[in-house]
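Numbering (the numbering used here), first residue to last: 1 to 82.
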């Protein structure tokens, strides 16, 4: 289990970085799995609901890791600096 798995995200800034990394660096298989959830998270955001960004991102990551395991190396490397 890599370092990112145990930490997930802790604040909205990290959640935004994760969503951008997943959107920009996912391979085709990851995009098929993750993009519908990413779109739903982004679409549901408003100024008042920004607090929901962290739990929604963590739920998405947890579900992905439980079902599919690790993300590709480019994403893992990018997220390891968060």
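Ideal Cβ placement from N, Cα and C applies to all residues, glycine included.
According to DSSP, is residue 24 part of a helix, a strand, or is it coil?
Looking up residue 24 in the chain shown gives position 24. Three-state DSSP puts residue 24 in a helix.
Report the rounded CA-to-CA distance for residue 44 versus residue 35, giving the unit in angstroms.
Counting from 1 along the chain shown, the entry for residue 44 is found at position 44. Counting from 1 along the chain shown, the entry for residue 35 is found at position 35. In a straight line, the C-alpha of residue 44 is about 14 Å away from that of residue 35.
Can you grab the Cα-Cα spacing for the pair residue 26 / residue 72, in whole Å?
Within the chain shown, the letter at position 26 stands for residue 26. Within the chain shown, the letter at position 72 stands for residue 72. Here the alpha carbon of residue 26 sits roughly 7 Å from the alpha carbon of residue 72.
Comparing alpha-carbon positions, which option in 30, 67, 51, 29 lies nearest residue 16?
Stepping through the chain shown from its first residue, residue 16 is reached at position 16. Ranking 30, 67, 51, 29 by Cα distance to residue 16 puts 51 first.
Between which two residues does the alpha helix (DSSP H) containing residue 64 stretch?
Translated into the one-based positions of the chain shown, residue 64 becomes position 64. Start and end: 53-68.
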